[in-house]
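At position 88 of the sequence shown (counting the first as 1) the number is 719 in our numbering, and the numbers step up by one without a gap.
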Amino acid sequence: MDTGRSTADVLDDKGGLRLQWSPIFAGALTASALSLILISFGAAVGLGVSSSSPSWRDASAALALLSGLFLILQALVSFVVGGYIAGRTQRVIGAIPADVVDSNDGLHGLTAWALAVIVGGTIIALVGLSTARPVVQSRPVATAAEQLLSAELDHLYRSVRRPANLDIGYDRAEAGRILLTSSGHSGVSTEDRSYLIQQIAAATGLPAAEAEKRVDSVVGDARTAIQRSRRSSVILAFSVAAALLFGAVAAWAAACAGGRHRDGATLPEWMGGRPTTPVPVV
Numbered sequence: 632m633d634t635g636r637s638t639a640d641v642l643d644d645k646g647g648l649r650l651q652w653s654p655i656f657a658g659a660l661t662a663s664a665l666s667l668i669l670i671s672f673g674a675a676v677g678l679g680v681s682s683s684s685p686s687w688r689d690a691s692a693a694l695a696l697l698s699g700l701f702l703i704l705q706a707l708v709s710f711v712v713g714g715y716i717a718g719r720t721q722r723v724i725g726a727i728p729a730d731v732v733d734s735n736d737g738l739h740g741l742t743a744w745a746l747a748v749i750v751g752g753t754i755i756a757l758v759g760l761s762t763a764r765p766v767v768q769s770r771p772v773a774t775a776a777e778q779l780l781s782a783e784l785d786h787l788y789r790s791v792r793r794p795a796n797l798d799i800g801y802d803r804a805e806a807g808r809i810l811l812t813s814s815g816h817s818g819v820s821t822e823d824r825s826y827l828i829q830q831i832a833a834a835t836g837l838p839a840a841e842a843e844k845r846v847d848s849v850v851g852d853a854r855t856a857i858q859r860s861r862r863s864s865v866i867l868a869f870s871v872a873a874a875l876l877f878g879a880v881a882a883w884a885a886a887c888a889g890g891r892h893r894d895g896a897t898l899p900e901w902m903g904g905r906p907t908t909p910v911p912v913v
């Protein structure tokens, strides 16, 4: 037996280190499908990190943190299953050292994780574009404040004396842009506040004192809404980053475990395997 040949020579002859795309696609699709199911289930029971509903802004910080934790846990479960499939279904070609086989299994799990992330990101982007396009076409003057501060803008322009056919779309957009500045360090400027009071008094027919009181109330509500939305965005960004990072580690470890299971070893306890009891030597 020729023991002088290096591992690289053996792998080059047998082709054992090549990526096998069938296990990778199987693992990635399984992880994406399972993640979609778990996220849909979490959204159905109220575990969503963000929502377009104004009532979401009243959710507690504990619920936001619990939703972020669920996002991380579903990623761990999904990528463990997908990584296991990617490692378990890979075929070992040729006589390859055990440590190289283990690394190759992990590489397949990591590639399946990357493909699942790309597929999931593409689906989210397409859904977001299809959802946003009708809004932009029907409301050309709408701004980001329209979705975030829709309830505050409704309260600001509420009036029973305004004609039904009066278009205030541009006025709402302008007021929304002013309200967005309420979350800054200096808040709404005196000039913008005076202008907004005049606009509301003219649009609703309220006396100047009542219009001023309404504007001050709405500015305070807008500041609170923006702060809560910002908090949810921070939790969402952190949860997504943590879920992807932990998912990569889980996919690698699960693929290695799946490869060992393929080769006859038992599954580790963290994947549901039974603990092995050592047999005493008599």
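The C-beta atom is built at its ideal place from N, Cα and C for all residues, glycine as well.
Spatial neighbours of residue i within its chain, please: CB distance less than 7 Å, with the 5 preceding and 5 following residues excluded, ordered by chain position.
i	result
residue 712	661, 662 and 665
residue 769	Its pLDDT being 47, under 50, residue 769 is placed unreliably by the model, and the measurement read from it follows with that caveat. For residue 769, where only same-chain residues beyond five positions count, there are no Cβ hits under 7 Å.
residue 827	806, 809 and 846
residue 742	650 and 655
residue 671	none
residue 894	none
residue 870	680, 699, 702 and 703
residue 843	828
With a CB to CB cut of under 8 Å and the five nearest residues on each side skipped, what residues in its chain are close to residue i?
i	result
residue 875	706 and 748
Give every residue of the same chain whose Cβ lies closer than 6 Å to the Cβ of residue i, excluding the five residues on either side of it in the sequence, and list them in chain order.
i	result
residue 701	673 and 678
residue 803	784
residue 852	783
residue 835	790
residue 902	888
residue 829	none
residue 865	none
residue 610	Because the chain is modelled from 632 through 913, residue 610 falls outside the range shown and cannot be assessed.
Determine the extent of the alpha helix (DSSP H) in which residue i is found, giving its start and end residues.
i	result
residue 668	652-675
residue 886	839-893
residue 807	800-811
residue 835	821-835
residue 783	781-787
Residue i and residue j look like a contact to me (Cβ under 8 Å); what is the Cβ gap, rounded to whole Å?
i	j	result
residue 777	residue 807	6 Å
residue 755	residue 873	Incorrect: roughly 17 Å between the Cβ atoms, too far for contact.
residue 862	residue 695	7 Å
Let me see if you follow: with CB-CB separation under 7 Å, is residue i close to chain D or not?
i	result
residue 811	Among the chains of the structure shown, chain D does not appear; only one protein chain is present.
Return yes when at least one heavy atom of the ligand MG lies under 6 Å from the C-beta of residue i, else no.
i	result
residue 661	The model depicted lacks the ligand MG and carries no ligand whatsoever.
For the segment 886-893 against the segment 717-728, are there 3 or more C-beta pairs whose distance is under 8 Å? yes
Inter-stretch contact at 8 Å, needing at least 3 Cβ pairs: the segment 850-858 / the segment 801-815: yes
Segment contact flag, the segment 735-742 with the segment 875-886, C-beta cutoff 8 Å, min 3 pairs: yes
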